[in-house]
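Asker: Take a look at the following structure, please.
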Ligand SMILES: Nc1nc2c(ncn2[C@@H]2O[C@H](COP(=O)(O)OP(=O)(O)OP(=O)(O)O)[C@@H](O)[C@H]2O)c(=O)[nH]1
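Numbering (this note's numbering), first residue to last: 161 to 688.
In structure tokens form, the structure reads like this:
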């Protein structure tokens with residue numbers, strides 16, 4: 161049927177939809193995973209960049225501070241070296257007052273210098289840069305004094321910070337050994353660097369609230385540290401993780417160290433000429449504060465984007481599902497319509513009770529065959545059949561039994577029509593017809609007689625029929641129509657023949673043709 165071609169097979173449509181949903185879901189999944197991956201990667205790389213920048217900043221700062229400390233001590237040491245040269249050449253007391261003024265001048269012109277002192281071989285104060293008279297003090301107990309007394313090297317010695325006995329401030333002692341021409345120890349020359357000089361300088365750097373700047377001796381003695389805690393000056397930091405890290409990796413580099421429960425990035429730098437080092441530590445939390453803020457914001461945006469994508473995906477999925485349901489309903493409706501159309505067509509063409517063609521189809525085919533016979537010049541025959549005493553059958557056996565009888569007649573007519581081109585139809589209540597194209601009268605009588613016999617021989621009981629069984633009467637007519645003739649002429653002639661069959665005793669076949677009107681001729685046909 162044509163209509164069927166427009167109804168796509170359900171399985172075909174489903175096959176196309178499933179990949180669509182799968183492709184959409186896969187695409188969404190890939191987009192979501194990519195978003196998460198890109199976000200993760202960008203957060204990670206931003207963190208690495210931030211830490212690298214922080215490491216570079218601490219490294220630069222450590223280098224600058226180390227250079228500053230180096231220059232400061234070197235300047236002091238240079239002054240000290242000149243004083244040592246004078247004293248060793250002229251003796252401690254030779255230029256006593258002149259050297260005193262000289263020392264005062266040095267200290268007043270050098271901001272980092274706290275004071276200069278010269279001690280004799282016993283540690284007693286011999287000269288100093290103070291303006292007041294020499295106090296009666298002895299420094300033989302000082303670390304630098306003991307060092308020079310026991311070490312012959314002529315280089316400068318930088319000792320651990322000490323509290324000045326003259327000014328009570330914390331200073332860094334830079335000292336040199338004094339010896340006579342024979343190399344015998346004759347005392348110590350000392351220059352003290354003000355630790356406040358370092359403190360002021362270190363305070364000028366922006367290292368955050370939890371940053372840390374440390375300058376200490378290689379032995380671990382703390383010289384100065386920001387944040388400043390006076391009690392810690394001079395104490396040993398040898399056990400601090402930061403110091404251990406420095407000893408383990410003496411090159412200047414940034415390493416993360418957990419110190420005082422604070423996670424810091426440290427950069428170390430040794431002084432070029434003196435046994436000290438500088439360490440700069442920046443808090444990792446502070447360093448990464450901006451990174452965290454940006455990471456939170458960008459992650460929030462990604463999460464929002466993911467939610468929007470998932471929402472859109474869900475909507476798309478729902479829409480596809482809805483479309484599937486609608487298409488399913490549409491297909492079902494289409495199928496129902498096609499089925500309905502089929503049965504409507506059948507109803508329009510076929511008789512509901514007997515299943516053979518109805519009056520409408522009969523009329524249409526009659527006209528068509530009639531016209532064809534006119535065109536082809538062939539013979540067209542018609543058999544009209546009528547159940548005998550059918551009213552009485554109904555009355556006797558009831559209407560439903562009458563229907564069953566009509567169905568039986570219809571079945572006999574359908575099987576008796578012989579050729580496929582012949583049309584068996586129910587044309588009235590208990591009236592039937594067989595249209596026989598390209599058939600002459602004799603052929604039609606043969607067909608009619610065959611049907612009549614098959615019904616009679618079935619012996620279906622009909623007590624109200626004098627024959628005692630169900631019988632039919634047939635009227636037959638055939639003609640070769642010509643232009644101008646009408647199909648109703650064939651029907652009327654067949655009807656006339658049927659009337660003849662009824663009126664002459666029923667259960668018989670009567671032609672409406674003068675050619676076979678004689679008893680003998682009819683008998684010869686019927687006998688064949
Ligand atoms: N059961 C049944 N009866 C029908 C149907 N159509 C018509 N009839 C009956 O068929 C009967 C026809 O009766 P008549 O036209 O008097 O003809 P008859 O009784 O067969 O008499 P003859 O044709 O002269 O032998 C009527 O009683 C109709 O009610 C049908 O579809 N079913």
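Quick reminder that beta carbons are idealized off the backbone N, C-alpha and C, glycines included.
Less than 8 Å between the CB atoms is what I'm expecting for residue 353 and residue 236, so what's the real figure, rounded?
Answerer: Yes, they are in contact, since the Cβ atoms of residue 353 and residue 236 sit about 6 Å apart, within 8 Å.
Asker: Go to residue 306, then tell me how far its alpha helix (DSSP H) extends in each direction, as first and last residue.
Answerer: From DSSP, the alpha helix (DSSP H) with residue 306 extends over 303 to 310.
Asker: Considering just the uninterrupted stretch of the beta strand (DSSP E) at residue 577, what are its terminal residues?
Answerer: Per DSSP, residue 577 belongs to no beta strand (DSSP E) and is neither H nor E.
Asker: I'd like the ranges of any alpha helix (DSSP H) spanning at least 4 consecutive residues and lying wholly in the stretch 543 to 601.
Answerer: You should have 550 to 557, 559 to 576.
Asker: Looking only at its own chain, which residues have a Cβ that is under 6 Å from the Cβ of residue 362, when we skip the five neighbours before and after it?
Answerer: Cβ neighbours of residue 362 beyond the five flanking positions: 373, 386.
Asker: Grab me the residues of residue 660's own chain with a C-beta within less than 8 Å of its C-beta, minus the 5 sequence neighbours each way, in chain order.
Answerer: Once the five neighbours on either side are set aside, the close Cβ partners of residue 660 are 635, 670, 672.
Asker: May I ask you to report which of helix, strand or coil DSSP gives residue 430?
Answerer: If DSSP states are grouped into helix, strand and coil, residue 430 belongs with the strands.
Asker: Please check the pair residue 233 and residue 388, which I expect to be a contact at CB under 8 Å, by giving their CB distance rounded to whole angstroms.
Answerer: In fact, because the Cβ distance is near 20 Å, the residues do not count as touching under 8 Å.
Asker: Comparing C-alpha positions only, which one of 360, 395, 243 sits nearest to residue 260?
Answerer: Of 360, 395, 243, the residue nearest in Cα terms is 243.
Asker: Indicate whether the contact test is met: 3 or more Cβ pairs, each with one atom in the stretch 548 to 556 and one in the stretch 609 to 627, closer than 8 Å.
Answerer: Flag = yes, the stretch 548 to 556 and the stretch 609 to 627 touch.
Asker: Tell me the DSSP secondary structure of residue 356 in three-state form.
Answerer: Three-state DSSP puts residue 356 in a helix.
Asker: How would you write the range of the beta strand (DSSP E) that residue 659 sits in, first residue to last?
Answerer: Counting along the chain, residue 659 falls outside any beta strand (DSSP E), though it belongs to the alpha helix (DSSP H) covering 647 to 663.
Asker: Return the first residue and the last residue of the alpha helix (DSSP H) that residue 437 is part of.
Answerer: That residue, residue 437, is in no alpha helix (DSSP H); its beta strand (DSSP E) goes 436 to 443.
Asker: With DSSP collapsed to three states, give me the class of residue 258.
Answerer: Residue 258 falls in the helix class under three-state DSSP.
Asker: CA-CA distance, residue 319 and residue 462?
Answerer: Their Cα atoms are separated by approximately 58 Å.
Asker: By the three-class DSSP mapping on this structure, what secondary structure does residue 181 have?
Answerer: Three-state result, residue 181: helix.
Asker: Check whether the Cβ of residue 544 lies closer than 8 Å to any heavy atom of ligand 1, and answer yes or no.
Answerer: No.
Asker: Determine contact between the stretch 195 to 204 and the stretch 473 to 487, defined as no fewer than three beta-carbon pairs at a distance below 8 Å.
Answerer: Contact fails: fewer than three Cβ-Cβ distances are below 8 Å.
Asker: Flag residue 588 as yes when its Cβ comes closer than 8 Å to any non-hydrogen atom of ligand 1, and as no otherwise.
Answerer: Correct: residue 588 has its Cβ closer than 8 Å to ligand 1.
Asker: Does ligand 1 have a heavy atom nearer than 8 Å to the CB of residue 655?
Answerer: Result no, Cβ not under 8 Å from ligand 1.
Asker: Residue 403 and residue 380: beta carbons closer than 9 Å?
Answerer: Yes; because the gap between Cβ atoms is below 9 Å, this pair is in contact.
Asker: Of the residues 441, 395, 467, which one's Cα is nearest the Cα of residue 405?
Answerer: Checked all of 441, 395, 467; the closest Cα to residue 405 is 441.
Asker: Write down the C-beta distance between residue 604 and residue 541 rounded to the nearest angstrom, noting that I regard them as a contact closer than 8 Å.
Answerer: With a Cβ gap of about 3 Å, residue 604 and residue 541 count as contacting.
Asker: Could you say if the stretch 643 to 657 and the stretch 565 to 572 meet the contact criterion of at least three C-beta pairs nearer than 8 Å?
Answerer: Taking 8 Å as the limit for Cβ pairs, the verdict is that the stretch 565 to 572 does not touch the stretch 643 to 657.
Asker: I need the DSSP call for residue 374, collapsed to helix, strand or coil.
Answerer: In the structure shown, residue 374 sits in a strand (DSSP, three-state: E or B).
Asker: Nearest-angstrom Cα distance between residue 196 and residue 458?
Answerer: For residue 196 and residue 458, the distance between alpha carbons rounds to 11 Å.
Asker: Less than 6 Å between C-beta atoms, sequence neighbours within five positions excluded: which residues of the same chain meet that for residue 429?
Answerer: Within the same chain, residue 429 has close Cβ partners 222, 223, 226, 412, 438.
Asker: If I follow the unbroken alpha helix (DSSP H) through residue 485, where does it start and stop?
Answerer: Here the alpha helix (DSSP H) through residue 485 covers 449 to 509.
Asker: Once the 5 residues before and after residue 619 are set aside, which same chain residues still bring their CB inside 8 Å of it?
Answerer: Closer than 8 Å at Cβ, skipping near neighbours: 629.
Asker: Going by DSSP, which residues form a beta bridge with residue 313?
Answerer: Looking at the DSSP assignment, residue 313 forms no beta bridge with any residue, so it has no partner.
Asker: Just verifying my parser: in three-state terms, what is the DSSP assignment at residue 200?
Answerer: Three-state result, residue 200: helix.
Asker: Could you check whether residue 425 and residue 209 sit closer than 9 Å to each other, using their CB atoms as the reference points?
Answerer: Their beta carbons are not under 9 Å apart, which means residue 209 does not touch residue 425 by this criterion.
Asker: Quick one, which of 476, 190, 575, 391 has its alpha-carbon nearest residue 516's?
Answerer: Per the Cα distances, 575.
Asker: Which of the three DSSP states, helix, strand or coil, is assigned to residue 190?
Answerer: Three-state DSSP puts residue 190 in a helix.
Asker: CB-CB under 6 Å to residue 283, same chain, minus the five flanking residues each way: which ones, in chain order?
Answerer: Taken in chain order, the residues that qualify are 298, 299, 300, 305.
Asker: According to DSSP, residue 522 sits in a beta bridge with which residue or residues?
Answerer: Residue 522 pairs with nothing; no bridge assigned.
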